[in-house]
Amino acid sequence: MTHRILIVEDQPDICKLIRMTLEFGDFEIHEAHDGESGLNMARATMPTVMLLDVMMPGLLDGYQVCARIKQDPNLRRIQVVMLTARGQATDLAAGEAAGADAYLVKPFSPLELIERVEAMAAAASAATAD
Amino acid sequence: MNEAFRLLFDQVKSGVVWVERNGTVRYANKAAVQLTPVMLGQPMLDPVAARTVKAAGQDMLTLPFQFELTTQEATPDTIRAVVIGAPVGKDLMVVLNNVSEERWYSQALENLIGYIEAEMAHPIEALAKKLPQIAHLVQQPNATGELAQLVAEANTLSTKLGKLRDLVSVFGESAIQRDERILLPDLMRRAIAEVLPQAQARNITLATLGIDDPLPTVYGSSHWLSKAVAEYLEQSIRSAQSGGLVELSIQATGTRVMVRARNRGMFVSNHERRSAFVPFGVGDSAEQSDHRRGIGLALSQRILEQHGGSVRIEDDFESVDFVLEIPAGAPASQDAQLSVEQAQRYARDMSQLLARSMSKRVQTQP
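Here the protein sequences come in this chain order: D and R.
Take 9 as the starting number for the first sequence in the numbering used here and just add one per residue.
Take 420 as the starting number for the second sequence in the numbering used here and just add one per residue.
See the structure below:
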């Protein structure tokens, strides 16, 4: 089963690197470049996993997008991976408070990223099968 | 005058007025209209300008001829004007430049000297005179009242010196390089609490709107942005009439957050609007500290600029708005170095990613 992955990242080069990494797996990849369009695209595509940058320009940052997804009964099953340069304990706590499922600190290991995403996708498939 | 000239002069920063030899205005660009009153088809409305142009048109002056005007304001700016021949035909042109604006930096220095004299000379002198007493008083447990007064004076001086230090700091090259996540309602409440005693002292009501609404986060230096907002609010309160109302609203629009402090029944002249951003201005009366601008909006403006925002003063029909704008979310341009590090990481993992991919392909082949 091909899983949808949504990348929400404002920096084009990072977005491209994530896409290139995920193209080593079997994923349908979507992109958004700010919080608001990321949230709208999540509603439209219902991805299995959302890779979400924290610091983005615009009205919603990553934590706010994550919190809205986890508060919405229709979206909360989306697995959210916060992907950010902010790796301090307070940032991790903010991600946890927003309901993030995982947290990867930039510069991240692409290998770790794809393994994490594949594991989340497999868990989602298993949950659906149950 | 042809369209090409019109387009050219519309882009020019200096004021340009094109006049016939009899003094009748044929064209004035936007900058000129802001500097001196003109109406098409009439002589220039400033009498000095009208007389000078008329004399030039009668060949009584040698061109280029330089003279000075003043703006039509209570505290006028000085305008340097020069009459020259028009590029075509026999018409004349008057080119106008605001000398007061050009003198901004020298004015800021003069202001700094005035500021130190007006705001700091007395407290420093008073404190210095009392310093010997302090050593004596600290050993006298019953003299707490006098000590409290000394502490209050020291605090006043420390606050003023602190603002001066802040202004110097934010003009440094690497003053603000932070990416803290800032919740605006919290920041606004802290800043309001800071300036509330000043508002109460002048019986000014500070009404807030939108502060409890869901607002975007902003990124930057919490320390400096708090100072910027507090300084901005302080300026709004200083500008309000005693017993008046300052309506403070906060709103997210597009990719910006806009904070607006509205003073009703006010008017701000162009001179005041400009000088509000020139630091240290103490005005004509060094005695009325309530009306002094002190560090003014310069500190606030500098901090906001370093966060991609701005501070400005807007006039409405019957109100004056102090408007503070800041980008919502993170600044659009972030550190490119991160991408380089990330690319290096990707290159390191590439062989493993390829091996992994090949292995999966082998496994799936029949």
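All residues carry an ideal CB built from backbone N, CA and C; glycine is no exception.
Buried/exposed call for residue i, threshold 16 Cβ in 10 Å
{"i": "R:Leu-482", "result": "exposed"}
{"i": "R:Lys-779", "result": "exposed"}
{"i": "R:Asp-703", "result": "A caution first: R:Asp-703 carries a pLDDT of 43, below 50, which makes its placement in the model unreliable, though a value can still be read off. Exposed is the call here."}
{"i": "D:Asp-80", "result": "exposed"}
{"i": "R:Glu-538", "result": "buried"}
{"i": "R:Ser-661", "result": "exposed"}
{"i": "R:Glu-407", "result": "Because chain R in this structure spans residues 420 to 785, residue 407 of chain R falls outside the shown range and cannot be described."}
{"i": "R:Asp-496", "result": "buried"}
{"i": "D:Glu-31", "result": "exposed"}
{"i": "R:Gly-564", "result": "exposed"}
{"i": "R:His-555", "result": "exposed"}
{"i": "D:His-11", "result": "buried"}
{"i": "R:Glu-544", "result": "exposed"}
{"i": "R:Gly-460", "result": "exposed"}
{"i": "R:Ser-770", "result": "exposed"}
{"i": "D:Asp-42", "result": "buried"}
Under the three-state DSSP convention, the category residue i falls into
{"i": "R:Arg-499", "result": "strand"}
{"i": "R:Met-607", "result": "helix"}
{"i": "R:Val-467", "result": "helix"}
{"i": "R:Thr-494", "result": "coil"}
{"i": "D:Ile-29", "result": "According to the sequence displayed, residue 29 of chain D carries Thr and not Ile. Residue state, collapsed to three classes: helix."}
{"i": "R:Leu-667", "result": "strand"}
{"i": "R:Gln-660", "result": "coil"}
{"i": "D:Ile-22", "result": "helix"}
{"i": "R:Phe-696", "result": "coil"}
{"i": "D:Glu-44", "result": "helix"}
{"i": "R:Ser-704", "result": "Since pLDDT at R:Ser-704 reaches only 41, below the 50 mark, its modelled position is unreliable, and no value is offered."}
{"i": "D:Phe-116", "result": "coil"}
{"i": "D:Leu-68", "result": "coil"}
{"i": "R:Gly-434", "result": "strand"}
{"i": "R:Leu-480", "result": "coil"}
{"i": "R:Gln-461", "result": "coil"}
{"i": "R:Asn-517", "result": "strand"}
{"i": "D:Ala-105", "result": "helix"}
{"i": "D:Asp-80", "result": "coil"}
Residue nearest to residue i in terms of C-alpha spacing, selected from the options
{"i": "R:Asn-441", "options": "R:Arg-425, R:Ala-468, R:Leu-427, R:Pro-456", "result": "R:Ala-468"}
{"i": "R:Leu-583", "options": "R:Thr-489, R:Gln-670, R:Glu-650, R:Glu-439", "result": "R:Glu-650"}
{"i": "R:Ile-630", "options": "R:Ala-647, R:Ser-645, R:Arg-621, R:Val-678", "result": "R:Val-678"}
{"i": "R:Pro-635", "options": "R:Thr-578, R:Gly-748, R:Glu-487", "result": "R:Gly-748"}
{"i": "R:Phe-741", "options": "R:Ser-655, R:Arg-600, R:Lys-509, R:Leu-625", "result": "R:Ser-655"}
{"i": "R:Gln-552", "options": "R:Val-570, R:Ile-535, R:Leu-531, R:Ala-540", "result": "R:Val-570"}
{"i": "R:Pro-746", "options": "R:Lys-509, R:Asp-768, R:Thr-672", "result": "R:Thr-672"}
{"i": "R:Leu-628", "options": "R:Gly-581, R:Val-730, R:Leu-603, R:Ser-668", "result": "R:Ser-668"}
{"i": "D:Leu-67", "options": "R:Gly-508, R:Arg-675, R:Glu-492, R:Lys-449", "result": "R:Arg-675"}
{"i": "D:Glu-44", "options": "D:Ala-132, D:Val-57, D:Asp-61, D:Ile-122", "result": "D:Asp-61"}
{"i": "R:Val-637", "options": "D:Met-64, D:Phe-35, D:Thr-136, D:Ala-134", "result": "D:Met-64"}
{"i": "D:Ile-26", "options": "D:Met-54, D:Leu-100, D:Asn-48, D:Leu-119", "result": "D:Leu-119"}
{"i": "R:Lys-646", "options": "R:Asn-517, R:Gly-581, R:Gln-485, R:Val-452", "result": "R:Gly-581"}
{"i": "D:Lys-24", "options": "D:Gln-96, D:Ala-50, D:Leu-59", "result": "D:Leu-59"}
Interface partners of residue i on chain D, CB under 9 Å
{"i": "R:Gly-639", "result": "Under the 9 Å cutoff, chain D gives no residues; its nearest Cβ is about 11 Å from R:Gly-639."}
{"i": "R:Ala-671", "result": "Leu-67"}
{"i": "R:Asp-598", "result": "Met-63, Ala-93, Arg-94"}
{"i": "R:Thr-674", "result": "Asp-42, Pro-65, Gly-66, Leu-67"}
Chain-ordered neighbours of residue i on chain D, where CB pairs are closer than 7 Å
{"i": "R:Ser-776", "result": "Phe-32"}
{"i": "R:Pro-746", "result": "Pro-65"}
{"i": "R:Gln-761", "result": "Ile-22, Leu-25, Lys-114, Pro-115"}
{"i": "R:Gln-725", "result": "The premise fails here: R:Gln-725 is roughly 16 Å from chain D at the closest Cβ pair, so nothing lies under 7 Å."}
{"i": "R:Asp-768", "result": "Ser-117, Pro-118, Leu-119"}
Listed by chain order, chain R residues near residue i by CB distance under 7 Å
{"i": "D:Gln-96", "result": "Chain R residues near D:Gln-96: none, gap ~10 Å exceeds 7 Å."}
Contact set between residue i and chain D, taken where Cβ atoms lie within less than 8 Å
{"i": "R:Tyr-765", "result": "Leu-25, Met-28, Thr-29, Pro-118"}
{"i": "R:Lys-772", "result": "The sequence as given places Leu at residue 772 of chain R; Lys does not occur at that position. Correct list: Thr-29, Phe-32, Pro-118, Leu-119, Ile-122."}
{"i": "R:Asp-632", "result": "Going along chain D, no residue has its Cβ under 8 Å from R:Asp-632, so there is no contact; the nearest lies around 12 Å."}
CB contact below 8 Å: residue i versus chain A
{"i": "R:Leu-718", "result": "This model lacks chain A altogether, as its protein chains are D and R."}
Chain R contact residues for residue i, given Cβ-Cβ distances below 9 Å
{"i": "D:Gly-43", "result": "Pro-635, Gly-748"}
Under 8 Å from the C-beta of residue i: neighbouring residues of chain R
{"i": "D:Gln-72", "result": "Pro-635, Thr-636"}
Tell me the start and end of each unbroken alpha helix (DSSP H) in the stretch 715-775 of chain R that is at least 4 residues and wholly inside, in chain order. The stretch 715-775 of chain R contains these whole alpha helix (DSSP H) runs: 717-725.
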